[in-house]
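Reviewing the structure listed below.
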Amino acid sequence: MAELNKIADGKLEIKTTIEGERWTSAQRKAFNKLAKNVEIKGFRKGQAPQNMVRARLSEGTILAQAAEDIANDVFRETLKETNVELIDRADLDITAIDQEHVEFKFVCPVKPDVTLGEYKGLGFAPQEAVVDDEEVQKQIDMILEQKADLEIKEEGTVEEGDTAVIDYEGFKDGVPFEGGKDENHELVIGSHSFIPGFEEALVGMKSEESKDIELTFPEDYHAEELKGQKVIFKVTVHEIKRKVLPELNDELVGELGLEEVKTPEDLKNYIRNSILESKKRQNEEAATNELLDKVTGNATVNIPDVMIQDEIDQILNEMDQDFQRQGFSLAQYMNILKMDMQKIRENFKNDAEKRVKLRLVLEEIAKVENIEVSDDDVEKELEDLAGKYQMKKEDVSKMVDRKLIANDLRMKKALDLIKA
Numbered sequence: 164m165a166e167l168n169k170i171a172d173g174k175l176e177i178k179t180t181i182e183g184e185r186w187t188s189a190q191r192k193a194f195n196k197l198a199k200n201v202e203i204k205g206f207r208k209g210q211a212p213q214n215m216v217r218a219r220l221s222e223g224t225i226l227a228q229a230a231e232d233i234a235n236d237v238f239r240e241t242l243k244e245t246n247v248e249l250i251d252r253a254d255l256d257i258t259a260i261d262q263e264h265v266e267f268k269f270v271c272p273v274k275p276d277v278t279l280g281e282y283k284g285l286g287f288a289p290q291e292a293v294v295d296d297e298e299v300q301k302q303i304d305m306i307l308e309q310k311a312d313l314e315i316k317e318e319g320t321v322e323e324g325d326t327a328v329i330d331y332e333g334f335k336d337g338v339p340f341e342g343g344k345d346e347n348h349e350l351v352i353g354s355h356s357f358i359p360g361f362e363e364a365l366v367g368m369k370s371e372e373s374k375d376i377e378l379t380f381p382e383d384y385h386a387e388e389l390k391g392q393k394v395i396f397k398v399t400v401h402e403i404k405r406k407v408l409p410e411l412n413d414e415l416v417g418e419l420g421l422e423e424v425k426t427p428e429d430l431k432n433y434i435r436n437s438i439l440e441s442k443k444r445q446n447e448e449a450a451t452n453e454l455l456d457k458v459t460g461n462a463t464v465n466i467p468d469v470m471i472q473d474e475i476d477q478i479l480n481e482m483d484q485d486f487q488r489q490g491f492s493l494a495q496y497m498n499i500l501k502m503d504m505q506k507i508r509e510n511f512k513n514d515a516e517k518r519v520k521l522r523l524v525l526e527e528i529a530k531v532e533n534i535e536v537s538d539d540d541v542e543k544e545l546e547d548l549a550g551k552y553q554m555k556k557e558d559v560s561k562m563v564d565r566k567l568i569a570n571d572l573r574m575k576k577a578l579d580l581i582k583a
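Heads up: the sequence shown at position 64 corresponds to 227 in my numbering, and the numbers run straight through without jumps.
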């Protein structure tokens, strides 16, 4: 039977003794293992009589080998028996050993103690979500913009919002520079896709008009040879196209393919409800974060650095996965920000610490409040996940860890309790 002693916050000492047949068997195996490497003149290695080999091996050597051979198994069994959850590698010490028994002492880094403060009745009141007509119209305008057609302006000049079809070539000190030339390029005025000043200089130009535009590249421009450099762009406008917005009618609404949205009025109601639901979620999230800040602020916990570093690993892993879904990478992100791994880890330290503290506090609340998660709760969550990802429940069950699902549900129940 293992003996547990708390020796410091976040440190647990576990002592366990192995004796009897198991310890005797371990010594026999250790002797046989060592004997294979003992050389005695006149005998092949490992073939000398046992009494001669034993004379060459000290009792301490055999005992030390036996302890080393069984230590890992003993440690795994002890963790399972005591339900101790490690947060880092444990230290091993042998406090007593002879032919009759061996006593192991494991010093285990474990989750730190949490001292809860007030966590009930702190107030959870999301702001009321309100949607005005201007917000709805803005969404309508975006839809009309996407459905707009371009028509050539037979008369008039380039204006904000027009598309100018241009030829251009850039010169630095009278010499064309790489990447500074294109023909029949369609440029939306106001898109800010060119360097500052270029699009503005086209405003007022007529079709087939040419112009020299003097500009200076920004100091942070990506091409080193052009940073802060004065250049001249020779530009010719060939065509000017203006955007013609469609009429908002039943036909256009039908093209959107929204179920049960058939008329402009249906669309406005659909947009209003979508914005309203989004605002409700945002307001609830903001109120939840405010409440959790109070709860964690009222609690005291000394978080080991290893837990913070593990959480930073998790944050960076989540970021990398998000980037990969966008065809990007964490390395590219770091390169853009001109940050090395040490610096970016330092930047996320506070966020990681907050996440760890929140998790520990919610776990402690669940423990104090005797919050339980039933098998039915887990099954219901698996069904919800299967529906969300349009998968079979059996397939979802194979992909997830039921213990992690249960722990997440326990945290949700703890959160619901403090929000009540």
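By construction, the Cβ of each residue, glycine as well, lies at the ideal position given by its N, Cα and C atoms. In this text the structure is predicted, and so the values were computed from the model without any measurement.
Can you check DSSP and say which residues form a bridge with residue i?
{"i": "Lys-174", "result": "Ala-171 and Pro-272"}
{"i": "Gly-333", "result": "Phe-396"}
{"i": "Leu-415", "result": "Bridge partners of Leu-415: none, in fact."}
{"i": "Lys-374", "result": "Val-398"}
{"i": "Glu-314", "result": "Arg-405"}
{"i": "Thr-278", "result": "Thr-463"}
{"i": "Val-265", "result": "Ile-181 and Ile-260"}
{"i": "Leu-249", "result": "Val-273"}
{"i": "Glu-362", "result": "Paired residue(s): none; Glu-362 is not in a bridge."}
{"i": "Thr-379", "result": "Lys-393"}
Would the beta-carbon of residue i fall within 8 Å of that of residue j?
{"i": "Ala-247", "j": "Val-273", "result": "As written in the sequence, residue 247 is Val, which differs from the Ala given in the question. Yes, the pair counts as a contact, with Cβ atoms nearer than the cut-off."}
{"i": "Lys-316", "j": "Lys-404", "result": "yes"}
{"i": "Leu-307", "j": "Pro-409", "result": "yes"}
{"i": "Lys-442", "j": "Gln-392", "result": "no"}
{"i": "Glu-341", "j": "Asp-330", "result": "no"}
{"i": "Ala-583", "j": "Asn-446", "result": "no"}
{"i": "Gly-367", "j": "Thr-320", "result": "yes"}
{"i": "Leu-454", "j": "Ile-581", "result": "yes"}
{"i": "Ile-279", "j": "Ile-528", "result": "Note that residue 279 is Leu in the sequence shown, not Ile. A contact, by the Cβ cut-off of 8 Å."}
{"i": "Glu-474", "j": "Arg-444", "result": "no"}
{"i": "Ser-356", "j": "Leu-365", "result": "no"}
{"i": "Trp-186", "j": "Val-265", "result": "yes"}
{"i": "Ile-466", "j": "Glu-516", "result": "yes"}
{"i": "Leu-197", "j": "Ile-225", "result": "yes"}
{"i": "Gly-337", "j": "Val-394", "result": "no"}
{"i": "Val-559", "j": "Leu-548", "result": "yes"}
{"i": "Ala-569", "j": "Ile-534", "result": "no"}
{"i": "Lys-556", "j": "Leu-545", "result": "yes"}
Residue range of the beta strand (DSSP E) that residue i falls in?
{"i": "Gly-342", "result": "338 to 351"}
{"i": "Leu-521", "result": "Counting along the chain, Leu-521 falls outside any beta strand (DSSP E), though it belongs to the alpha helix (DSSP H) covering 512 to 531."}
{"i": "Ile-306", "result": "Premise fails: Ile-306 lies in the alpha helix (DSSP H), 296 to 309, not in any beta strand (DSSP E)."}
Does the beta-carbon of residue i have 16 or more other beta-carbons within 10 angstroms, so that it is buried, or is it exposed?
{"i": "Lys-520", "result": "buried"}
{"i": "Arg-573", "result": "buried"}
{"i": "Val-531", "result": "exposed"}
{"i": "Ala-288", "result": "exposed"}
{"i": "Met-164", "result": "exposed"}
{"i": "Tyr-282", "result": "buried"}
{"i": "Pro-381", "result": "exposed"}
{"i": "Pro-359", "result": "exposed"}
{"i": "Val-407", "result": "exposed"}
{"i": "Gly-173", "result": "buried"}
{"i": "Asp-325", "result": "buried"}
{"i": "Leu-430", "result": "buried"}
{"i": "Ala-259", "result": "exposed"}
{"i": "Pro-589", "result": "Outside the shown range of the chain (164 to 583) lies residue 589, about which nothing can therefore be said."}
{"i": "Met-562", "result": "exposed"}
{"i": "Glu-362", "result": "buried"}
{"i": "Gly-550", "result": "exposed"}
{"i": "Val-469", "result": "exposed"}
{"i": "Leu-112", "result": "Limits of the chain in this structure are 164 at one end and 583 at the other, which puts residue 112 out of reach."}
Where does the unbroken alpha helix (DSSP H) through residue i begin, and where does it stop?
{"i": "Asp-232", "result": "222 to 245"}
{"i": "Thr-187", "result": "183 to 198"}
{"i": "Ile-650", "result": "Nothing about residue 650 can be read from this structure; the chain reaches only from 164 to 583."}
{"i": "Asp-137", "result": "Residue numbering for the chain in the displayed model covers 164 to 583; residue 137 lies beyond these limits and cannot be assessed."}
{"i": "Lys-566", "result": "565 to 582"}
{"i": "Tyr-140", "result": "Outside the displayed span of the chain (164 to 583) sits residue 140, for which this structure offers no information."}
{"i": "Asp-325", "result": "Per DSSP, Asp-325 belongs to no alpha helix (DSSP H) and is neither H nor E."}
{"i": "Gly-391", "result": "Unbroken run through Gly-391: none, as it is neither H nor E."}
{"i": "Gln-487", "result": "468 to 488"}
{"i": "Ser-560", "result": "556 to 562"}
Under 8 Å by Cβ, that's how I've got residue i and residue j pegged, so tell me the actual separation to the nearest angstrom.
{"i": "Arg-219", "j": "Ile-203", "result": "7 Å"}
{"i": "Ala-253", "j": "Ala-189", "result": "In fact, because the Cβ distance is near 20 Å, the residues do not count as touching under 8 Å."}
{"i": "Phe-486", "j": "Tyr-496", "result": "6 Å"}
{"i": "Arg-435", "j": "Val-299", "result": "5 Å"}
{"i": "Ile-181", "j": "Leu-167", "result": "Contact doesn't hold; Cβ gap of about 17 Å is too wide."}
{"i": "Glu-323", "j": "Gly-353", "result": "5 Å"}
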